[in-house]
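Undergrad: Under mature numbering (1 follows the signal peptide of the UniProt record, and there is no 0), the very last position in the sequence shown is 826; numbers go up by exactly one each time. Dropping the structure in here first, questions after.
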Amino acid sequence: MLIESALRRAVKHQELEVYLQPQVNQHHEVVAGELLLRWTDPDLGSISPAEFIPIAEASGLIIPLGAWVIEQACRTLRDWQTIDALKHIPLAVNISPRQFRHGGFVTQVEHCLREAKLPAGMLELEITEGMLIDNVDVTVKRMYKLGDLGVRFSLDDFGTGYASLAYLKQLPLYQLKIDQSFVRDMLTDVNDDVITQTILGLGRNLNLSVIAEGVETVKQRDHLQAMGCTKFQGFLFGKPAPIAEWQARLLESA
Ligand code: G
Ligand code: G
Ligand code: MN
Ligand code: NA
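Written as structure tokens, this is what we have:
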């Protein structure tokens, strides 16, 4: 309750921050970014989204908060359209189930995209398998509507949920994100290695992009690359940092 009221105030006064974590190709070039919320309360200190997102979901605060993150994404993308070194970098936003199911969601995204005048494919939404269990028909319809607006979808934490593989061919998906738990244990646990390999094969056969998350070591990167993985995200390539900080770094290295 304490966290909820502090969060309510923080959302109202826009006191949360949006961080960016880069996603790279096999040449370590930044090809996209994921936006991740950060929140430091003056009294409670820094609170992880793993803790406050579920509270935002349960309380409904995720609706204004989630809308704000999408707005930040579209604004950043709009600014980047005028900068050659940045204009080809799409941004991904994590979408929680309640946010996606909210009646105004498609209209909100449409509005942000229209204001920012973005080329198709620049805004990516990360959804989880959990979203594909209830009300699948509504979810699929909504995904196609958003897809028509030029939005791309990634399936986050792939392999950890309960969704049926049959959905992979029904949904307008662009990418699978191999959950970081598989990448973390891949080199020591043969099961995680086989699962990682299987997801990469699934992507190849279904014509979906696949990105490995949580890549922390060169050994993990090399092993993933040997299995045909061409997209990576993790501390090895860059930690989440404020958008402005990554923007400066990207311009420096351009
Ligand atoms: O960045 P970090 O690993 O601390 O994030 C923890 C969890 O919070 C992850 O599951 C991540 O997807 C989630 N998260 C971070 N930012 C957002 C956001 O803007 N919206 C939603 N729905 N989840 C987020
Ligand atoms: O659930 P989702 O995949 O959106 O969450 C991503 C989370 O993973 C973020 O909180 C981010 O801070 C964290 N993360 C990103 N890269 C790494 C990494 O290399 N190692 C670990 N342990 N966590 C990471
Ligand atoms: Mn994510
Ligand atoms: Na993930």
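Glycine included, C-beta positions come from ideal geometry on N, C-alpha and C. Source: prediction; values computed, not measured.
(1) Counting pairs of Cβ atoms below 8 Å between the stretch 635-643 and the stretch 591-602, do you hit three or more?
(2) Count the other CB atoms, across all protein chains shown, that sit within 10 Å of the CB of P691; report buried if there are 16 or more and exposed otherwise.
(3) Specify the secondary structure class of F725 as computed by DSSP and reduced to three states.
(4) In chain order, what residues of the same chain lie with their CB nearer than 7 Å to the CB of G702, ignoring the 5 residues before and after it?
(5) Using only alpha-carbon positions, find the residue among D615, L616, W611 that is nearest to I625.
(6) According to the neighbour-count rule (16 or more other Cβ atoms, all chains shown, within 10 Å of its Cβ), is N763 buried or exposed?
(7) Does ligand 1 have even one heavy atom less than 7 Å from the beta-carbon of L697?
(8) Taking 7 Å as the cut-off, does the CB of N763 come closer than this to any heavy atom belonging to ligand 3?
(9) Identify every run of the beta strand (DSSP E) within the stretch 641-701, keeping only runs that are complete inside it and at least 3 residues long; order them along the chain.
(10) For C801 and A826, which I take to be in contact (beta-carbon distance under 8 Å), what is that distance rounded to the nearest angstrom?
(11) Counting along the chain, where does the alpha helix (DSSP H) carrying Y739 start and finish?
(12) Should L672 be labelled buried (16 or more other beta-carbon atoms within 10 Å of its own) or exposed?
(13) Assign R618 to one of two classes, buried (16 or more other C-beta atoms within 10 Å of its C-beta) or exposed (fewer than that).
(14) Using a 10 Å radius around the Cβ and a threshold of 16 neighbouring Cβ atoms, would you call F573 buried or exposed?
(15) For I771 and D615, I'd like the C-alpha separation in whole angstroms.
(16) At what residue ranges does the stretch 746-799 contain a whole run of the alpha helix (DSSP H), taking only runs of 4 or more?
(17) By the DSSP assignment, the alpha helix (DSSP H) with E623 in it spans what residues?
(18) Is it buried or exposed, A816, if we count other Cβ atoms within 10 angstroms and call 16 or more buried?
(19) Look up Y591 in the DSSP assignment and say whether it is helix, strand or coil.
(20) Using a Cβ-Cβ cut-off of 6 Å (strictly less than) and excluding sequence neighbours within five positions of Q769, which residues of its own chain qualify?
(21) Nearest by alpha-carbon distance to L658: which of K584, P744, A604 is it?
(22) Which one of V787, V583, L727 has the shortest CA to CA distance from S631?
TA: Looking at the atomic coordinates:
(1) Verdict: no, contact absent.
(2) One-based indexing of the sequence shown puts residue 691 at position 119. By the Cβ-count criterion, P691 is exposed, with fewer than 16 other Cβ atoms from all chains shown falling within 10 Å of its own Cβ.
(3) As a first step, residue 725 must be located in the sequence shown, where it is residue number 153. Of the three classes helix, strand and coil, the one that applies to F725 here is strand, per DSSP.
(4) Translated into the one-based positions of the sequence shown, residue 702 becomes position 130. Only P669, G733 meet the Cβ criterion.
(5) Mapped onto the sequence shown, residue 625 falls at position 53. Comparing Cα-Cα distances from I625 to each of D615, L616, W611, the minimum goes to W611.
(6) Looking up residue 763 in the sequence shown gives position 191. Counting other Cβ atoms within 10 Å of its Cβ, N763 stays below 16 and is therefore classed as exposed.
(7) One-based indexing of the sequence shown puts residue 697 at position 125. Relative to ligand 1, even the nearest heavy atom lies 7 Å or more away from the CB of L697.
(8) As a working mapping, residue 763 is identified with position 191 in the sequence shown. The answer is no for N763.
(9) Whole beta strand (DSSP E) segments, 3+ residues: 663-666, 695-700.
(10) What you label residue 801 is simply residue 229 of the sequence shown in a count that begins at 1. What you label residue 826 is simply residue 254 of the sequence shown in a count that begins at 1. Contact doesn't hold; Cβ gap of about 25 Å is too wide.
(11) Here residue 739 corresponds to residue number 167 of the sequence shown, with the count starting at 1. Looking at the DSSP string, the run of the alpha helix (DSSP H) that includes Y739 is 739-742.
(12) Position 100 of the sequence shown, counted from the start, is the residue given in the question as residue 672. According to the sequence displayed, residue 672 carries Phe and not Leu. So F672 ends up on the buried side.
(13) Position 46 of the sequence shown, counted from the start, is the residue given in the question as residue 618. Arg is not the amino acid found at residue 618; the sequence shown has Ser there. Classification of S618: exposed, given that the 10 Å Cβ count is below 16.
(14) Start at 1 with the first residue of the sequence shown, and residue 573 comes out as number 1. Phe is not the amino acid found at residue 573; the sequence shown has Met there. Per the 10 Å Cβ criterion, exposed.
(15) Walking along the sequence shown from the start, residue 771 turns up at place 199. Walking along the sequence shown from the start, residue 615 turns up at place 43. Per the coordinates, the alpha-carbon of I771 lies some 43 Å from the alpha-carbon of D615.
(16) Runs of the alpha helix (DSSP H) inside the stretch 746-799: 752-757, 762-778, 790-798.
(17) If you number the sequence shown from 1, residue 623 lands on position 51. Bounds of the alpha helix (DSSP H) holding E623 are 621-631.
(18) In the sequence shown, counting from the first residue as 1, residue 816 sits at position 244. Burial is judged here by how many other beta carbons sit within 10 angstroms of a residue's own beta carbon; A816 has fewer than 16 and is exposed.
(19) Counting from 1 along the sequence shown, the entry for residue 591 is found at position 19. DSSP places Y591 in strand when its eight states are reduced to three.
(20) For this step, residue 769 is matched to residue 197 along the sequence shown. Sequence-distant partners of Q769 (beyond 5 residues in either direction) whose C-beta falls short of 6 Å from its own C-beta, in its chain, are M799.
(21) Start at 1 with the first residue of the sequence shown, and residue 658 comes out as number 86. Checked all of K584, P744, A604; the closest Cα to L658 is A604.
(22) Walking along the sequence shown from the start, residue 631 turns up at place 59. The residue with the shortest Cα to Cα distance from S631 is V583.
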